[in-house]
Amino acid sequence: MYTIQQAQNIVITGGPGMGKSSIIAHMTSLGYHCIPEVGRMIIIEQMRTQGSKLPWVDPLGFAMEMLQQATIDYKNATSRQTGGFTFYDRGIPDIMGYLLLCGIALPPQLEEACHNLPYFNKVFITPPWKEIYVNDTERKQSFAEAEATYECMYTVYDSLGYTLIEIPKLSIAQRADFILSQLG
0 MYTIQQAQNI VITGGPGMGK SSIIAHMTSL GYHCIPEVGR MIIIEQMRTQ
50 GSKLPWVDPL GFAMEMLQQA TIDYKNATSR QTGGFTFYDR GIPDIMGYLL
100 LCGIALPPQL EEACHNLPYF NKVFITPPWK EIYVNDTERK QSFAEAEATY
150 ECMYTVYDSL GYTLIEIPKL SIAQRADFIL SQLG
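Take the sequence shown: its letter number 93 is residue 92 in the working numbering, and every next letter is one higher.
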């Protein structure tokens, strides 16, 4: 049995550039409460302020900034929920996957957050899709790194007991419909 908190918190994860943010934007347009990707927001802010907590400068500092903001977002979302879903463009376990990819030891507070701030047991994962992958100002990984990120996220969520459901390579609207069909 899931708590209301878990049942309403839906994660969309996967490698970078595989359509997660586009799906989240579509879910928002449908009226769902959605939490944008924390890492991208931090990168934008750090670049704007010439900060150093960037993944290519200070990976652990970047991860800790992500954890702080993701925890705030999670607590704010769960305190406001009144029966609808909240969709997350990456969950707190994604930070664990990021640090594992970087070969950095996991801080105890991250492991604690992964266990104490649960999401719905079904986690949706976008598979590697070379045809839609592009780099931008915040996304500097190669497609091979994006594939490695996918594998790492799959492993992390699986190790935490989540059931991963791969989102088919379809249009954004069809991908959103697929996710919603799995929640009904």
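Where is the CB? At the ideal position from N, CA and C, for every residue including glycine.
Given the structure is predicted, the values throughout are model-derived calculations rather than measurements.
Residue i burial status per 10 Å Cβ neighbour count (16 or more: buried)
i	result
P107	exposed
Q45	buried
M0	Below a pLDDT of 50, predicted positions are generally treated as unreliable, and M0, at 42, falls in that range; no measurement from the model is reported.
DSSP three-state assignment for residue i, whether helix, strand or coil
i	result
N8	strand
V155	helix
G13	strand
F86	strand
F142	helix
CB contact flag (residue i, residue j, <8 Å)
i	j	result
I164	I124	yes
Q173	P15	no
T148	L100	yes
F84	Y31	yes
L29	A143	no
K19	I11	yes
M17	V37	no
N120	T162	yes
Element boundaries [beta strand (DSSP E), containing residue i]
i	result
E165	T162 to E165
I22	Unbroken run through I22 is the alpha helix (DSSP H), K19 to S28; no beta strand (DSSP E).
I34	H32 to I34
I124	K121 to T125
Residue i: first and last residue of the uninterrupted alpha helix (DSSP H) it sits in
i	result
D57	Note, D57: premise wrong, no alpha helix (DSSP H); not H, not E.
I171	I171 to L182
I41	V37 to R47
Cβ-heavy atom distance, residue i to the ligand GTP, below 7 Å
i	result
V133	In the structure on display, the ligand GTP does not appear, and there are no ligands present to speak of.
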